[in-house]
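Numbering of the sequence shown is given in this note's numbering, commencing with residue 536 and proceeding in unit increments. For each residue, glycine too, the CB sits at the ideal point set by N, CA and C.
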Amino acid sequence: MKLLTRIKRLPQRQKIILGLSSFVVLATIGVLIWAAATGQIKPKAASVQISNTATVTYQDAAGNSYSAQSNTVLVDIVPTVNATLALSPATSSTVVGSTFKVDIILNTNGQVSTETDAVLSYNNQELQVVDSNGSAATQITPNTPNVFATVSANTVNSSMGTITYKATGSYAGTGTLASINFKALKAAAPSKVQFAFTNGQTNDSNVLITNGSDILSLASGGDYTITGATSNTINISLALQSGTNFSTTNTVFTIYRVGTTTEVFKSDVTTDSSGKASFTITSPAAGNYDYIIKVNGYLVKAIKNTVYTNPLTLNFGSLKAGDLDSDNHVTLSDFISFRTKFGGSDPVADFDHDGKVTLSDFITFRTNFGLTGD
536 MKLLTRIKRL PQRQKIILGL SSFVVLATIG VLIWAAATGQ IKPKAASVQI
586 SNTATVTYQD AAGNSYSAQS NTVLVDIVPT VNATLALSPA TSSTVVGSTF
636 KVDIILNTNG QVSTETDAVL SYNNQELQVV DSNGSAATQI TPNTPNVFAT
686 VSANTVNSSM GTITYKATGS YAGTGTLASI NFKALKAAAP SKVQFAFTNG
736 QTNDSNVLIT NGSDILSLAS GGDYTITGAT SNTINISLAL QSGTNFSTTN
786 TVFTIYRVGT TTEVFKSDVT TDSSGKASFT ITSPAAGNYD YIIKVNGYLV
836 KAIKNTVYTN PLTLNFGSLK AGDLDSDNHV TLSDFISFRT KFGGSDPVAD
886 FDHDGKVTLS DFITFRTNFG LTGD
């Protein structure tokens, strides 16, 4: 009460100053509360609470000083947690002509995203987006329904060197949003793949949550070093199950990435009577590969997860006969085909290479009935 009485006795000018000072204090507290509530204030330390007070000091006509202090204002702070997009691997090395896979990794940092947009650019003179068979692709590979339920946009613009991908649904966590298969076209050190992303913009890469806010804070691209291609000699050898003449034509030799159907190299080769062939190819990137041989009329033979060397020597051993329909199984359909050729001179069914399809060829066929190739 004494404080109020003294305030009333102040000259009008000092009352005005005191009133303005009080207004500034209240306004400051109000701004503090608003800023904390809207996320404008972010804690700098481990504490999740901000404590503030305000003090006003004034002086009367007699020169006496008085102070008034506001109540303590406590504001709980909820730290802003932002999402990220990244490419994995972020760096790698390959050679011209080889293909490699890059995953788009989404991390929502625990928040639930209802839509994520990934917009990327790449140098279309150095890289080409391809499908699992190595052909030019118009889309990338989604990871639905593991990450989001629906793909609402998926476009590769090869002439512009851009990729646009949008997935919707509900997702929280860290996972592969989609995958890109690139083919290296020319040497580069490095070739960059980048996200289109600017804070505050909504027409580029985004991670949206339920209220429509974009929580993406960082989008990290990748650097991929491409070296010029070198030639490499491959020496293969094989044997056929029956006879001593192992010459073949239109034999298909394929190199795959380990455990996948992604072709690195494929060509027809011709073996001599000893079952050997040598040829030169453009070297793929260093590493392990699966090597597959398919002779017409025989089951597939594979040498898997073997390092690529220069030169490369592969011994496929003996191939089993009977796959006349080239489905990599010896079944009834092959028997029907063999029966129609019996007694003739069909070179595919003539497993012992004696010029005729005879009983000895049937015995070989019967031995392998029911088998499946590698």
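- For D758, the closest of G632, T899 and E661 by C-alpha to C-alpha distance is E661.
- In this structure, the beta-carbon distance from T789 to F717 does not fall below 8 Å.
- Counting C-beta pairs closer than 8 Å gives fewer than three between the stretch 697 to 708 and the stretch 617 to 624, which falls short of the contact rule.
- Taking a 10 Å sphere around the C-beta of V842, we find fewer than 16 other C-beta atoms and assign the residue as exposed.
- Per DSSP, the continuous alpha helix (DSSP H) segment holding L894 begins and ends at L894 to N903.
- Only residues of its own chain outside the window of five on either side were considered, and among them T703 and L743 have a CB closer than 6 Å to the CB of E650, listed in chain order.
- Scanning N903, Y826, V682 and V799 for the CA closest to the CA of Q776 turns up N903.
- Rounded to whole angstroms, the separation of the alpha carbons of I827 and D881 is 25 Å.
- Cβ contact annotation for G632 (same chain, cutoff 8 Å, sequence separation greater than five): K718, A719, A764, T817 and P819, in chain order.
- Going by DSSP, T875 is part of the alpha helix (DSSP H) stretching over L867 to K876.
- Scanning its chain for C-beta atoms nearer than 7 Å, with the 5 sequence neighbours on each side dropped, one finds around K891 the residues S880 and D885, in chain order.
- In the three-state reduction of the DSSP assignment, I744 falls in the strand class.
- In the three-state reduction of the DSSP assignment, P725 falls in the strand class.
- Distance from the CA atom of Y657 to the CA atom of T815, rounded to whole angstroms, is 31 Å.
- When secondary structure is reduced to three states using DSSP, N734 falls in the coil class, being assigned neither helix nor strand.
- For the options V664, G794, T709 and G669, the alpha carbon positioned closest to that of T699 is the one of V664.
- D803 places its beta carbon 8 Å or farther from that of S782.
- With contacts defined as CB atoms closer than 8 Å, N668 and P677 fail to qualify as a contacting pair.
- In its chain, beyond the 5 residues on either side, T783, T786 and L854 have a beta carbon closer than 6 Å to the beta carbon of V830.
- Annotation: the continuous beta strand (DSSP E) that includes Q663 extends over L662 to V664.
- Cβ neighbours of L753 within its own chain (closer than 6 Å, five residues either side excluded): T619.
- When secondary structure is reduced to three states using DSSP, G832 falls in the strand class.
- Closest in alpha carbon position to T711, among V647, V865 and D638, is D638.
- The Cβ neighbour count for I871, taken over all protein chains shown within 10 Å, is under 16; the residue is labelled exposed.
- For V787, the enclosing beta strand (DSSP E) starts and ends at T783 to R792.
- Contact between L773 and G810 holds, with the beta-carbon distance rounding to 5 Å and staying under 8 Å.
- Nearest to S693 by alpha-carbon distance, out of S670, D858 and F900, is S670.
- Taking the Cβ atoms as the reference, P846 lies roughly 23 Å from I761, outside the contact range of under 8 Å.
- For V799, the enclosing beta strand (DSSP E) begins and ends at E798 to T806.
- Residue state for I816 is assigned as strand, using DSSP reduced to three classes.
- Scanning its chain for C-beta atoms nearer than 7 Å, with the 5 sequence neighbours on each side dropped, one finds around G708 the residues T643, in chain order.
- D862 is classed as exposed because its beta carbon has fewer than 16 other beta carbons within 10 Å across all chains shown.
- Taking 8 Å as the upper bound for CB-CB distance, D909 and V835 are in contact here, some 5 Å apart.
- Using a 10 angstroms sphere on the CB of T805, the tally of other CB atoms stays under 16, which defines it as exposed.
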